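Structure record follows, encoded as structure tokens.
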Amino acid sequence: MDRAAGRAGAGDQDKRGSGPIRAARHMTDPAPDPWNLDGRTVIVTGATGGIGAAIARGFAAAGARVAAVDMDASRLSQLTDEMGPSHRGFAIDLRETASLGPLVAKIADDMDSPTVLVNVAGVIKRAADVFSVTEADWDFQHDVNAKAVFFLSQAFARHLRDGERPGSIVNYTSQGWMTGGFGGSVVYNAAKGAVATMT
Numbered sequence: 584m585d586r587a588a589g590r591a592g593a594g595d596q597d598k599r600g601s602g603p604i605r606a607a608r609h610m611t612d613p614a615p616d617p618w619n620l621d622g623r624t625v626i627v628t629g630a631t632g633g634i635g636a637a638i639a640r641g642f643a644a645a646g647a648r649v650a651a652v653d654m655d656a657s658r659l660s661q662l663t664d665e666m667g668p669s670h671r672g673f674a675i676d677l678r679e680t681a682s683l684g685p686l687v688a689k690i691a692d693d694m695d696s697p698t699v700l701v702n703v704a705g706v707i708k709r710a711a712d713v714f715s716v717t718e719a720d721w722d723f724q725h726d727v728n729a730k731a732v733f734f735l736s737q738a739f740a741r742h743l744r745d746g747e748r749p750g751s752i753v754n755y756t757s758q759g760w761m762t763g764g765f766g767g768s769v770v771y772n773a774a775k776g777a778v779a780t781m782t
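In short: position in the sequence shown from 1, add 583, done, that's the numbering used here.
Written out as structure tokens, the structure is:
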């Protein structure tokens with residue numbers, strides 16, 4: 584009698600979805616697809632360049648809505664037309680840091696709240712040697728390659744914080760920040776070093 588009650592109890596436990604039957608079912612559940620980004624809005628800067636365009640297309644292929652950011656409105660239009668109607672282009676000069684907060688807000692209003700920021704935009708102006716570098720050269724490369732990365736990331740992080748949303752920031756740098764200023768690119772590499780250390 585006790586054995587029968589014990590067997591009945593085990594059967595009841597299995598029917599409730601616990602015990603070994605539940606464990607077996609759990610082991611056969613399909614694993615979530617890490618590349619499925621359906622419903623996500625992703626900001627990609629430098630989106631019309633070779634690396635940026637490839638990244639934008641990759642996110643689009645994974646189901647994300649891409650907010651493609653660059654200065655060239657015509658090339659942005661070509662890229663977003665290619666990727667499809669779910670994607671939008673935003674033409675802006677990233678050196679205008681006062682515009683970066685409004686940019687994030689506009690993306691959220693026009694598309695959906697972004698949860699991923701990919702900082703790809705970068706410029707390089709090589710010099711023959713360190714004596715040829717001008718202050719304008721320094722400011723141009725640091726404004727795009729480091730300053731804009733920081734202040735756009737700040738605006739994006741503030742948007743996440745205010746909306747109590749999780750999110751991710753991906754910063755693209757260069758091996759040059761470790762190898763130095765070969766080929767007259769000391770200013771570029773210094774800026775990329777700043778990105779590496781702030782990430």
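Backbone N, C-alpha and C define an ideal beta-carbon position, used for all residues, glycine too.
Quick caveat: nothing in here was measured; it's all calculated off a predicted structure.
Check	Outcome
Mind reading off the beta-carbon distance from V716 to V770? Whole number of angstroms is fine, and I expect it under 8 angstroms.	6 angstroms
What does a CB cutoff of less than 7 angstroms around V713 pick up in its chain, not counting 5 residues either side in sequence?	V769
Per the DSSP calculation, R671 is bridged to which residue(s)?	A650
According to DSSP, is L735 helix, strand or coil?	helix
Measure the CB-CB distance between D726 and R678 and report whether it falls below 7 angstroms.	yes
In chain order, what residues of the same chain lie with their CB nearer than 7 angstroms to the CB of I638, ignoring the 5 residues before and after it?	V627, V701 and V703
Near V687, which residues of its chain fall below 6 angstroms by C-beta distance, leaving aside the five closest residues on each side in sequence?	A738, F739 and H742
Go ahead and pull the three-state DSSP assignment for S657.	helix
Is the beta carbon of L683 closer than 7 angstroms to that of F734?	yes
CB A651 to CB A674, shorter than 7 angstroms?	no
Name the residue from S660, G705, S696 and V732 whose alpha carbon lies nearest to the alpha carbon of T624.	S696
In whole angstroms, what separates the C-alpha of V649 from that of G767?	35 angstroms
Only counting runs of 3 or more residues, tell me where the beta strand (DSSP E) segments fall wholly within the segment 672-715, in order along the chain.	699-702
Between V778 and V732, which are expected to be in contact by the criterion C-beta below 8 angstroms, what is the C-beta distance as a whole number of angstroms?	5 angstroms
Exposed or buried, which one is G763 when buried takes at least 16 other CB atoms within 10 Å?	exposed
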